[in-house]
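Q:
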Amino acid sequence: MKLSNSFYLRNKVTVIARQLLGKILVANIRGQTVSGMIVETEAYSEIEKGSHAYKGKTKRNEVMFGQGGVAYVYLCYGVHEMFNIVTNRVNKAEAILVRALQPMEGIDRMIKLRRVNSFKRITSGPGKLTQALGIDRKLNGVSLTSDKLWIEDRGIIIRPKEIISAPRIGIDYAGKDALLPWRFFIKGNEWVSKY
DNA sequence: TACGTGATCACG
DNA sequence: GTGATCACGTAA
Numbered sequence: 000m001k002l003s004n005s006f007y008l009r010n011k012v013t014v015i016a017r018q019l020l021g022k023i024l025v026a027n028i029r030g031q032t033v034s035g036m037i038v039e040t041e042a043y044s045e046i047e048k049g050s051h052a053y054k055g056k057t058k059r060n061e062v063m064f065g066q067g068g069v070a071y072v073y074l075c076y077g078v079h080e081m082f083n084i085v086t087n088r089v090n091k092a093e094a095i096l097v098r099a100l101q102p103m104e105g106i107d108r109m110i111k112l113r114r115v116n117s118f119k120r121i122t123s124g125p126g127k128l129t130q131a132l133g134i135d136r137k138l139n140g141v142s143l144t145s146d147k148l149w150i151e152d153r154g155i156i157i158r159p160k161e162i163i164s165a166p167r168i169g170i171d172y173a174g175k176d177a178l179l180p181w182r183f184f185i186k187g188n189e190w191v192s193k194y
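Residue numbers (numbering that gives the first Met the number 0): 0 to 194.
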C-alpha cells in the first residue's frame, strides 16, 4: 500500500527515518517499475549543523521548507544525485536521506542504468541507488504520492532490536552535531553502505 | 588514498 | 565574478 501524505507530515524526523526501514521505494521509469527495500536512512533537521537547511532557505534547499511528502534531490560532488524525503509541515525544514536499498523489482533495468555487469552492491549507497532507480534533479519537489516515485508499505516489520543507530556519514563540517546518532540501518543487512 | 566534477554559497 | 567546499564512488 502506497504511503499517504499523513505519513510524511509528522514532526519527528528521527522516528520517521526509523519507520522507513523495511518500506519499499518505487520508481516508474517510462512504464517500467524498479524498486528496493529501504535498509539505511539518515535524518536531517534545520536545528542542527549537518543539514542543508541550517542556514535558512536557499534556492537549492527550498523544497525542504515546504510541506512534507515530496522529494528533495540535489547533486553532490558534481557527480551524484542524492534522494531525500521531505517531512513535517511548512517552514519546519526536515528531510531524510535514503542511503541504501535492497533491490526488489527491475534488477535488470537497474544494472543497465548503473552501467555495471554485476548485481552485487548495486544500490548500497546514496549515489548508487539514485542511478539505479533513474532518480535525478528533475524529480526535485515531486510528490511521493505521484505515479513517478513513491513509497509502499508491504507489511515488512523491522523490530527495534534490528535497527542500529549511529552518527551520520560525511558531515564532519557539522562539529558536535556530526555525533548525533541520526543514521539508521538494518542490522546485518548486506545492502547497507560500507565505510 | 586520491581525485573527478559541477552546483552552490558566501564573499566582494 | 570568484573560489572553497561538498550528505560520494571508483580505481588502485
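Don't be surprised by glycine CBs; every beta carbon is placed ideally from N, CA and C. Please read these numbers as outputs of a predicted model, since none were measured by experiment.
Hey, is the segment 37–57 in contact with the segment 78–98, meaning 3+ C-beta pairs nearer than 8 angstroms?
A: Touching, yes, given that three or more Cβ pairs across the two stretches are closer than 8 angstroms.
Q: Using DSSP with H/G/I as helix, E/B as strand and the rest coil, what is Met36?
A: The residue given as residue 36 occupies position 37 in the first sequence. The answer is strand: DSSP assigns Met36 an E or B state.
Q: What are the start and end residues of the alpha helix (DSSP H) that includes Leu132?
A: For the purposes of this step, residue 132 is taken as residue 133 along the first sequence, with counting starting at 1. Here the alpha helix (DSSP H) through Leu132 covers 125–132.
Q: Could you check how far apart the C-beta atoms of Val62 and Asn4 are, in whole angstroms? I think they sit under 8 angstroms.
A: Counting from 1 along the first sequence, the entry for residue 62 is found at position 63. Counting from 1 along the first sequence, the entry for residue 4 is found at position 5. That pair is no contact at about 15 angstroms.
Q: With H, G and I counted as helix, E and B as strand and the rest as coil, what does DSSP make of Asn210?
A: Because the chain in this structure spans residues 0 to 194, residue 210 falls outside the shown range and cannot be described.
Q: Along the chain, where does the beta strand (DSSP E) containing Ile163 start, and where does it finish?
A: For the purposes of this step, residue 163 is taken as residue 164 along the first sequence, with counting starting at 1. Counting along the chain, the beta strand (DSSP E) containing Ile163 begins and ends at 162–165.
Q: Would you please state the rounded distance, in angstroms, between the beta carbons of Leu143 and Ile84? I believe it to be under 8 angstroms.
A: Within the first sequence, numbered from 1, the residue matching residue 143 stands at position 144. Within the first sequence, numbered from 1, the residue matching residue 84 stands at position 85. Confirmed, Cβ separation roughly 7 angstroms.
Q: Within 10 angstroms of the Cβ of Pro102, are there 16 or more other Cβ atoms? Answer buried if so, exposed if not.
A: In the first sequence, counting from the first residue as 1, residue 102 sits at position 103. So Pro102 counts as buried.
Q: Using 8 angstroms as the threshold, is the segment 67–78 in touch with the segment 157–168, meaning 3 or more CB pairs across them?
A: No: the two stretches stay apart, fewer than three of their Cβ pairs being nearer than 8 angstroms.
Q: Name the two residues that bound the continuous beta strand (DSSP E) containing Thr86.
A: By 1-based counting over the first sequence, the position of residue 86 is 87. Counting along the chain, the beta strand (DSSP E) containing Thr86 begins and ends at 79–86.
Q: Please list the segments of the alpha helix (DSSP H) lying wholly inside the segment 55–118, counting only runs of 4 or more residues, in order along the chain.
A: Listed in chain order, the complete alpha helix (DSSP H) runs (minimum 4 residues) inside the segment 55–118 are 106–113.
Q: Let's test the definition: count the other Cβ atoms within 10 Å of the Cβ of Phe118 and tell me whether it reaches 16, buried, or not, exposed.
A: Against the first sequence, residue 118 aligns to sequence position 119. Exposed: under 16 other Cβ atoms inside 10 Å.
Q: To which residues does DSSP link Glu151 through a beta bridge?
A: Within the first sequence, the letter at position 152 stands for residue 151. DSSP, once it has assigned bridges, lists Lys1, Ile23 as partnering Glu151.
Q: What are the boundary residues of the beta strand (DSSP E) that Ile185 is part of?
A: As a first step, residue 185 is located in the first sequence; it is residue number 186 there, counting from the start. Start and end: 182–185.
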